[in-house]
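Just so we're aligned, residue 451 is where the sequence shown starts under the working numbering, counting upward by one.
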Amino acid sequence: MDKVTRTRRVTLGLGVIFTKRQSLAVVYLHYVVKAEKKGRTQEKIEECIRWLTGYTKAGLAKRIEKRTSFRDFYEKAPKFNPNASLIKDIVCGRVEDIEDSLMQKIRWLDKLAKGKKTEKILRSVE
Numbered sequence: 451m452d453k454v455t456r457t458r459r460v461t462l463g464l465g466v467i468f469t470k471r472q473s474l475a476v477v478y479l480h481y482v483v484k485a486e487k488k489g490r491t492q493e494k495i496e497e498c499i500r501w502l503t504g505y506t507k508a509g510l511a512k513r514i515e516k517r518t519s520f521r522d523f524y525e526k527a528p529k530f531n532p533n534a535s536l537i538k539d540i541v542c543g544r545v546e547d548i549e550d551s552l553m554q555k556i557r558w559l560d561k562l563a564k565g566k567k568t569e570k571i572l573r574s575v576e
């Protein structure tokens, strides 16, 4: 792993998100780049974010434009999807076992941005 890759991993780490109040705009761009590398679109990422948080398309765009902190973005989310707790996987630990609710929400979004087909991730009650 080269120095640039290591630096990116550290920069996107938990400490930056929590202590420096990383802006949603920066993290959002990383999600889009990650998705596009895996053949997904920006629209699919936005769909996942809106599914999880309850933001409208305009509401999400406003938060990105205003460079809202990641913490405020989650704390002021209109309505978290009740099916978010169905997201199971290992993203820096088992997401279902994370005790800090904000960190769990962040990891849910990480999972949604991971690159699997949207239909397999956006679960609904059957």
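Every residue, glycine too, gets a C-beta built ideally from N, C-alpha and C.
CB of residue i within 7 Å of CB of residue j, strictly
| i | j | result |
| --- | --- | --- |
| Ile499 | Ala475 | no |
| Thr503 | Ala527 | yes |
| Gln472 | Phe520 | yes |
| Ile495 | Val477 | no |
| Tyr524 | Leu552 | yes |
Residue of the options minimising C-alpha distance to residue i
| i | options | result |
| --- | --- | --- |
| Lys507 | Glu493, Ser535 and Glu549 | Glu493 |
| Ser535 | His480, Ile556 and Glu486 | Ile556 |
Residue i in three-state terms, based on DSSP
| i | result |
| --- | --- |
| Lys561 | helix |
At 4 residues or longer, and completely inside the segment 468–555: list those alpha helix (DSSP H) runs for me, N to C.
-> 474–487, 492–503, 507–515 and 520–525
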